[in-house]
Structure formats: structure tokens, C-alpha cells
Amino acid sequence: MVLMTVRKARVTCPLDCPDACSLIASIDEESNTLLKIEGDPRHPITQGFACVKTYRYPERNHHPLRPLYPLRRVGKKGEGRFERVSWGTALDEIAGRLRQVIEAHGPEAVLPYHYAGTMGLMQYEHSLTFFRALGASELQTTICATAGREAWVRSYGDRYGVDPEDVPQARFILLWGINSLHTHTHLTPFLKKARQNGARIVHIDPYENLTSRFADEHIKIRPGSDAALAYGMARAIVKAGLHDVDYITRMTTGFEAFMQVAEEWTPQRVEAVTGVAAETVERLALEFAQARASLIRTSYGLTRHPGGASALRVVILLPAITGAWQYPGGGALLTTSGAFALNRRYLGGAHLLAARPTPPRQVNMTQIGSALTALEPPIRALFVFNSNPAVVAPRSDLVQKGLQREDLFTVVLEQALTETTRYADYVLPATTFLEHPDLYTAYGHYYLSWNEAVMPPQGEARPNTWVFAELGRRLGLDEPTLYWDAETLARSLLDTDHPWLKGITLERLKAEGFLRLNIPRGFQPFTERAGTPSGKVQFDPPPQVILTEPTPEFPLILLTPPAKHFLNSTYGHIERLVQGEGGEPTLLVHPEDARAFGAVDGAWMRVRSQHGSVVRRVRVSEAPIRGTVVLEGTWWEKPAPDGKGINWLTGEHLTDMGEGSTFHSNPVRLEALD
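Start counting the sequence shown at 1; every next residue gets the next number (UniProt numbering).
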């Protein structure tokens with residue numbers, strides 16, 4: 001009998017989630033095997049539990065689809081046939097091809113495509129140093145947060161809000177456009193405490209989901225009509241005399257013009273546009289205002305519309321009308337990311353970008369399909385890391401057509417053989433968060449975390465930054481920051497005199513694992529100043545109401561919100577998580593819409609948009625509001641009956657501010673199969 005030597009180590013979850021959990025990894029040191037992941041009971045947010053996805057990370061870390069050695073394409077693009085090569089061969093050949101591309105077409109023919117597959121600052125952002133040292137085209141990372149960021153900055157300036165640890169003090173909570181029990185699990189204990197303290201919790205969302213059933217009330221709203229509801233609430237609050245005149249006078253600008261627009265949104269007009277009953281609009285507004293310590297927890301989902309940024313502005317300005325920021329637990333929260341006032345001067349070669357006499361060519365990642373098929377001059381070399389664009393980007397037809405180009409040299413750094421790797425000329429095995437050190441901020445709390453590498457890499461996996469440093473050496477790049485290790489980067493980031501980071505050193509982080517920023521307990525932002533140019537909360541200019549409209553040809557709006565068992569496509573190949581989601585992607589259809597299109601529960605139907613079509617099984621359900629169909633999760637393409645992901649239907653059109661994605665605004669129709 002062989003006894004295991006099990007070691008436990010603290011790590012931080014690297015994935016794109018507000019919670020940035022502190023985790024305990026159990027590792028068999030004899031076999032270099034990750035046995036178990038648990039929540040860290042010491043962490044004030046994680047509180048000893050992890051989400052259902054994270055518990056399955058050992059299966060992902062040791063999955064048969066994890067590449068363990070450098071691979072070179074031997075088949076046609078899209079076939080996914082490769083041969084194993086050495087790191088030396090792969091790096092020499094990649095550097096040689098890069099040199100040819102740059103000599104023939106210039107450095108802007110090179111493009112990195114990346115996002116938040118890891119949130120560690122070394123492997124996420126510092127990897128860009130290589131491309132900025134080359135002078136490559138710059139990717140605009142718009143697919144998730146830019147519309148929300150722009151909306152918040154225009155309203156409040158500073159990108160932070162209510163401390164999640166103060167949520168129990170709130171007396172009325174609106175979970176607006178966020179399925180927090182899927183996407184922000186560790187908010188739940190704080191919500192429960194608030195409820196125990198007497199708070200009422202209301203969920204506003206176009207379809208009933210786990211959070212709706214947790215809340216005290218669910219208000220169904222038509223997709224993209226959030227601005228109309230928020231304006232209607234503002235009007236009702238002021239008409240009832242429940243606005244805080246002193247706060248508005250002292251702390252805001254543009255309120256009168258904002259209210260001129262709000263005045264047009266009578267309860268009856270709001271009902272006609274949103275589907276929310278007129279009496280509900282007024283009741284919700286009065287409950288929100290009368291509670292005083294009212295909180296709006298929102299997220300980026302409601303910004304995935306043509307008017308998404310403007311809509312978010314109206315929603316997050318409601319606490320400024322009532323002065324809710326002045327009460328413990330009152331206000332709003334979209335993100336805490338702006339509180340991490342690190343010294344980012346050298347992060348990802350930011351200094352190289354700042355020093356360029358002219359800005360590089362910009363490519364919007366939301367429009368990568370068009371960029372790969374129509375941009376002039378063309379992209380000739382593509383590096384993909386921390387992302388899976390063949391599945392997660394809009395217009396999958398164009399993305400995969402572009403990746404199919406024989407004149408496009410593609411290198412993919414990955415932890416799994418995703419759909420995107422099928423089109424790669426080289427697949428390079430990447431380390432997971434357990435196998436490299438890194439520094440982590442958060443966007444759902446105020447704790448900074450450090451990870452050590454707690455186990456050796458599987459196979460010959462290497463960190464992203466190691467790969468780019470090796471390529472830099474072969475290309476003769478002499479930028480010193482390209483060759484920094486994670487500790488050097490962390491010391492540079494912590495080299496700041498901002499009071500919220502005073503006394504936080506790498507040594508302390510290494511010893512303790514995570515540290516709270518020096519934000520005072522009970523801190524109430526936007527009661528003395530805002531981070532806007534005026535120093536005040538800005539109602540001006542009044543946000544527009546830009547509705548998401550179906551068309552006669554495509555009368556249903558498709559929503560593609562996150563699933564409980566997936567995080568984008570990261571866990572899409574883990575069998576037990578796929579089974580947890582029902583084994584295949586299904587489309588929720590309201591009974592009246594099902595009757596209109598002849599859809600029967602359990603039947604296959606074609607879902608068609610102006611961009612393409614997919615086949616999905618229908619589940620007839622009262623969950624979505626009429627006129628809306630819902631498919632939860634960004635599935636890999638394999639479980640789908642037609643081998644197509646849902647983004648074969650979604651378009652590349654952008655938001656009103658921030659040039660963000662509009663995944664939740666795609667008109668579709670249902671068709672019987674031939």
C-alpha cells in the first residue's frame with residue numbers, strides 16, 4: 001500500500017469573477033497531483049466555501065485535453081492535428097515567422113488576442129509587454145467591462161462603491177441585472193445577513209433564475225429597457241418628495257436636466273416599454289427611497305445592449321437622488337477594481353505605449369471576426385492567450401473563417417485544447433494558477449492577494465510571460481521589463497504612496513496570503529467628493545434611453561447569460577460540469593412564444609438571426625419574459641447538436657459608450673427543422 005504525502009497550500013482563484021476567492025489546495029507531492037480545492041475559512045469573503053466550478057478544478061488541471069508539450073500543426077487549419085516538438089524548436093520557428101511578418105508587413109501586422117482567462121497581473125496584463133516592445137497592433141479589450149466602466153466613470157469617477165462587507169447594513173437591496181448566485185456566489189452570505197437584519201431583496205432581470213428565487217421579489221423586465229425603469233423610479237421618488245435635496249445640492253451636478261428627462265417617463269409609459277406594471281414602478285421607487293440605506297448591486301449584463309452604458313448610468317444614479325450613500329450599506333456597487341491604486345507605470349509595458357509618438361493601430365476585440373476577415377492591411381500573426389475567441393467572440397462564422405486563413409500565422413497559449421487551438425499553427429502549453437506565482441486584485445471586494453507556485457508544472461507547461469521573454473530574446477528585444485519575474489513586477493506595483501496601500505509589501509503578502517486595502521471600516525464613498533472632473537456626482541449629460549428592439553423578421557431577443565457550472569468557456573470540457581448543466585445547451589422559450597412558433601417542449605428547433613443559425617433543444621418555461629429567449633452559458637461547440645456555439649447568432653455591434661459588446665441584444669426567430 002502506497003501512502004500519499006498530502007500537502008495543503010493557500011492559493012487565489014485566477015478566474016474572471018468578482019469573488020477572487022482564497023482557496024486551499026490539497027496536493028499529492030509524490031505524484032504531483034491536485035487532489036482537492038476548498039474555500040479558505042480565513043478569508044472574510046470566501047468564508048470557507050468555493051463555487052461548484054472551482055471544486056472541479058482538479059479535473060481541469062489533469063484533464064486529458066490539457067496540452068503538456070509544444071505542438072506544431074501537421075494537418076489543415078481546423079482539423080486540430082499536431083505533432084510534438086521541443087520548446088527550442090517551437091520558439092525558434094515562431095520567432096523566425098514573426099521576424100518574416102515584421103520585415104514584410106511591419107509590426108502592426110501582429111496582434112495579441114487576450115482577456116481574463118487569468119486575472120493574475122503577471123500572466124494577464126504583463127504579457128502585453130512583449131507586443132508593445134514590438135510595436136504590434138493594440139487590442140481594445142471591450143468584450144466585458146468597458147461600457148460599464150465608462151458609465152461609472154462618467155457618473156462617479158472613482159471605480160468603487162459600497163464595501164461588500166457592509167451589505168448586511170443595507171435595508172433595501174436591488175440586485176439589478178445580476179444573477180449573483182451564479183456569478184458572485186460569495187455575496188450570498190452578506191445578503192442573508194442583510195435579510196436577517198430586516199432588509200428586503202428585489203431582483204430585476206428579464207428571466208427567472210436562481211437569484212430570482214432567492215430574492216423576496218422578482219421583477220421581470222424587457223431586455224435593454226433598464227433606463228426607462230430607472231427614470232420612472234427617479235420621477236416617482238421626486239414626486240413623492242423623497243429625494244435628498246441637501247445631498248443633491250451639495251454633491252451633484254446636472255440634476256435638473258436629468259429630471260427633465262425623467263419627467264417624460266410616467267408609470268404608464270414605463271410599463272409600455274419595460275413590461276413592469278405601472279403600480280410596481282411606483283411601489284419599487286418608494287420602497288427604495290423610504291429605506292434610505294438602499295443598495296443597488298449591479299453588474300455588466302445590463303450593459304450588453306446598444307444603450308447599455310446609458311442605462312447603467314440611470315440605474316446607478318438612483319442612490320444619488322435619495323442620498324443613500326450617506327447611510328451604512330447604502331449606495332451602489334458595480335466593481336471595486338478602482339480601489340487597487342497600484343503603480344501601473346510599467347505593467348504590461350504601459351510606459352512603452354505612453355512613449356510612442358503616435359498611437360498604434362487599435363483593434364476592437366468585440367469585432368475580431370471582421371478584423372480577421374476584412375481589416376486592411378491584414379493581420380498576419382495572431383497570438384491568443386487567456387481566451388477562446390472561436391467560441392466566446394461575436395460572429396463565430398467570421399472568427400472561424402478568419403482563423404482558417406492560411407496566410408494568418410496563429411500561436412495559441414492554452415491550458416486546454418479548445419476550439420481555437422484547432423486553428424493554431426503552434427499550441428504552447430500554459431501553466432495554471434497553481435504552477436506560477438502572481439499578484440491578484442479583485443473587483444468584488446477589497447483584498448489584495450499573492451500566489452506562490454504551489455506545484456510543479458504539468459508536463460512542459462510554461463507561463464505566458466516566460467514564452468514572451470524567450471521570444472523577446474530571440475528577436476533581440478532589450479526592454480528590461482519584458483524579463484521581469486513576478487516578484488519584481490509585484491514590488492513595482494506596490495511602489496506607491498497611496499494611503500490605501502501603505503504598509504502593504506510583498507513580504508507581508510507572502511507571509512499572510514492576502515491583505516485588505518487600508519480602506520477604513522465603514523467607509524462611505526461619494527459623501528464628500530467624487531472622482532469626476534467637477535468633484536461631484538454627475539447627472540449630466542442626462543443619459544439617453546436607447547431601447548433594444550426586435551424586428552418583424554426576428555421578433556425575439558436572445559439573451560446568453562452565464563451558467564452556474566461554467567465561467568465563459570473555461571470549464572466547458574469538464575464532463576461533470578457539462579452534465580450539471582443538463583448535458584446540452586437548451587433554449588428557454590416562454591409558452592406564448594412557443595405557441596406562436598410551434599415550439600414543443602423538448603423538441604429541436606432552429607434559432608436564426610441575421611448572422612446565422614444554430615439548432616437547440618427547446619424548453620418551454622415561464623422563466624423568461626415574453627418576447628425573450630434565453631440560453632445560459634458559453635458552451636463549447638461539441639455538446640451542441642449542430643457543432644455550433646451560440647455566438648454564431650450574435651452580432652458585432654457596439655454599445656453607446658465604451659465600444660463594448662452587445663451579446664444580449666440579438667433579434668432571432670425560431671424555425672421548425674426541415
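The beta-carbon is built from N, C-alpha and C at its ideal position, and this holds for glycine as well.
Computed from a predicted model, the values in this text were never measured in an experiment.
query, result
"Counted within 10 angstroms of its Cβ, other Cβ atoms place proline 499 as buried (16 or more) or exposed", "exposed"
"Beta-carbon spacing of arginine 66, glycine 338 below 8 Å", "no"
"Residue from Leu333, Thr280 and Ala262 whose Cα sits closest to the Cα of residue 686", "This structure cannot settle anything about residue 686, because the visible part of the chain is limited to 1 through 674."
"Identity of the residue in Asp19, Asp246 and Tyr571 nearest valine 392 by Cα", "Tyr571"
"Glutamate 138 beta carbon less than 8 Å from that of proline 389", "no"
"Buried versus exposed call for glutamate 637 [16 or more other C-beta atoms within 10 Å across all chains shown]", "buried"
"Identified DSSP bridge partners for asparagine 451", "Asp438"
"7 Å CB neighbourhood of threonine 253 in its chain, flanking five on each side removed", "Ser534, Lys536, Gln538, Phe539 and Asp540"
"Segment contact, 8 Å Cβ cut-off, at least three pairs: the stretch 439-446 with the stretch 64-81", "no"
"Close beta carbons around asparagine 61, own chain, < 6 Å, minus the five adjacent residues each side", "Leu34 and Thr432"
"Identified DSSP bridge partners for asparagine 364", "Gln140"
"Three-state class that DSSP yields for methionine 657 in the structure shown", "coil"
"Whole-angstrom C-beta distance between threonine 586 and arginine 617, which should lie under 8 Å", "5 Å"
"Beta strand (DSSP E) segments (min. 3 residues) lying fully within the stretch 459-505", "none"
"Glutamine 327 versus Ser370, Gln290 and Arg304, residue with shortest Cα-Cα distance", "Looking at the sequence provided, one finds tyrosine at residue 327 rather than glutamine. It is Gln290 whose Cα lies nearest to the Cα of tyrosine 327."
"Secondary structure of histidine 105, DSSP reduced to three states", "helix"
"Beta-carbon proximity of asparagine 451 to glycine 120, cut-off 8 Å", "yes"
"Exposed unless 16 or more other CB atoms sit within 10 angstroms - verdict on glutamate 125", "buried"
"Same chain, Cβ closer than 7 Å to arginine 313, neighbours up to 5 away in sequence not counted", "Ala151, Arg154, Ser155 and Pro543"
"Alpha-carbon spacing of threonine 54 relative to glutamine 260, whole angstroms", "48 Å"
"Straight-line gap, aspartate 497 to arginine 345 (C-alpha atoms, nearest Å)", "14 Å"
"Valine 276 - partner residues in DSSP beta bridges", "Valine 276 pairs with nothing; no bridge assigned."
"Ordered list of alpha helix (DSSP H) runs contained in the stretch 381-422, each at least 4 residues", "389-392 and 396-403"
"Beta-carbon proximity of leucine 428 to valine 411, cut-off 8 Å", "yes"
"Cβ pair count under 8 Å reaching 3, the stretch 183-194 against the stretch 164-172", "yes"
"Proline 639 and valine 630 closer than 8 Å at C-beta", "no"
"Local conformation of histidine 203 per DSSP, three classes", "strand"
"Coarse secondary structure for residue 708, derived from DSSP in three states", "Residue 708 is absent from the model: the chain starts at 1 and stops at 674."
"Given 8 Å, three or more beta-carbon pairs between the stretch 169-179 and the stretch 203-213", "yes"
"Nearest candidate by alpha-carbon position, reference alanine 262, set Tyr247, Val238, Val273 and Asp246", "Val238"
"Close beta carbons around alanine 145, own chain, < 6 Å, minus the five adjacent residues each side", "Tyr300"
"Proline 457, buried or exposed, once every other Cβ within 10 Å from all chains shown has been counted against 16", "buried"
"Alpha carbon of isoleucine 248 to alpha carbon of arginine 292, nearest angstrom", "14 Å"
"Of the listed residues Pro525, Leu448, Val454 and Pro437, nearest to threonine 488 (C-alpha basis)", "Pro437"
"Where tyrosine 426 sits in the DSSP three-state scheme", "strand"
"For arginine 345, the three-state DSSP class (helix, strand or coil)", "coil"
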